[in-house]
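J.: Handing you a structure now.
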Amino acid sequence: MHFMPTHYIEKILPYTQQQLFDLVADIESYPKFIPWCENARIYERDGDAVLADLVIHFRGVTGKYTSRVLIDEKEKEISVELAQGPFHHLYQGWKFIKVPEGTRVEFDIDFKIRNFFLEKIADMMFDEACKKMMDAFTKRADELCKEKA
8 MHFMPTHYIE
18 KILPYTQQQL
28 FDLVADIESY
38 PKFIPWCENA
48 RIYERDGDAV
58 LADLVIHFRG
68 VTGKYTSRVL
78 IDEKEKEISV
88 ELAQGPFHHL
98 YQGWKFIKVP
108 EGTRVEFDID
118 FKIRNFFLEK
128 IADMMFDEAC
138 KKMMDAFTKR
148 ADELCKEKA
């Protein structure tokens with residue numbers, strides 16, 4: 008059985024933990040700045056946990072999935088797990104760590120797509136897609152975060 012490799016990106020940004028945490032936690036704004044996210048909707052909230060639907064359009068293929076998102080305000084961590092969709096499994100994690108220069112953002116992702124053909128496409132695009140996603144969040148932070156850490 009083939010599993011996608013876990014991908015990890017770390018970046019230091021000159022903004023506060025809270026600003027960056029809030030930016031990633033604002034799921035319903037994703038279509039405004041993530042190129043392949045066509046729609047994002049939270050349809051259930053339960054304390055720190057939400058259920059959210061995302062519609063993704065990437066390389067001519069559109070898919071919808073539902074994820075459970077745990078938004079841990081105290082620890083400044085956000086974790087995402089698959090609830091329903093075209094994956095065998097999906098995990099994303101975000102950590103926001105205060106450093107002298109601002110905040111170190113750590114992002115990791117691991118997933119496996121059910122469709123063999125789509126999985127092969129994802130294999131080829133995985134690193135590029137992860138980098139583009141971090142770049143999209145960085146650009147959004149540059150636009151919205153006025154106050155430096």
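So the working numbering is basically just the index in the sequence shown, starting at one, shifted up by 7. Cβ coordinates follow ideal geometry from the N, Cα and C atoms, glycine included.
How many angstroms separate the CA atom of Lys71 from the CA atom of Gln91?
T.: Cα to Cα, Lys71 sits roughly 9 Å from Gln91.
J.: So, are the CB atoms of Lys139 and Pro42 less than 8 Å apart?
T.: Cβ distance < 8 Å, so Lys139 and Pro42 count as in contact.
J.: Would you give the residue range spanned by the alpha helix (DSSP H) that Asp79 belongs to?
T.: It is not in any alpha helix (DSSP H) - Asp79 instead sits in the beta strand (DSSP E) that spans 68-79.
J.: Is the stretch 53-65 in contact with the stretch 106-121, if contact means three or more CB pairs nearer than 8 Å?
T.: Touching, no, given that fewer than three Cβ pairs across the two stretches are closer than 8 Å.
J.: With respect to the alpha helix (DSSP H) encompassing Asp29, which residues constitute its N-terminal and C-terminal limits?
T.: Its alpha helix (DSSP H) spans residues 24-32.
J.: Using the DSSP secondary-structure output, state which residues sit across from Thr110 in a beta bridge.
T.: Answer is Leu20, Lys105.
J.: Assign Lys102 to one of two classes, buried (16 or more other C-beta atoms within 10 Å of its C-beta) or exposed (fewer than that).
T.: Buried: at least 16 other Cβ atoms inside 10 Å.
J.: In the DSSP assignment, find the unbroken beta strand (DSSP E) run with Asp53 in it and report its ends.
T.: It spans 44-53 - the beta strand (DSSP E) in which Asp53 sits, taken as one unbroken run.
J.: Does the Cβ of Val31 have 16 or more other Cβ atoms within 10 Å, making it buried, or fewer, making it exposed?
T.: Buried, by the Cβ-count rule.
J.: Looking at the unbroken beta strand (DSSP E) that takes in Ala86, where does it start and where does it end?
T.: Per the sequence presented here, residue 86 reads as Ser, with Ala not at that position. Run containing Ser86: 84-91, per the beta strand (DSSP E) assignment.
J.: Going straight from the alpha carbon of Cys7 to that of Asp79, what length do you get?
T.: The chain is shown from 8 up to 156; residue 7 falls before or after that span and cannot be answered.
J.: Alpha helix (DSSP H) containing Lys39: first to last residue?
T.: Note, Lys39: alpha helix (DSSP H), 37-40.
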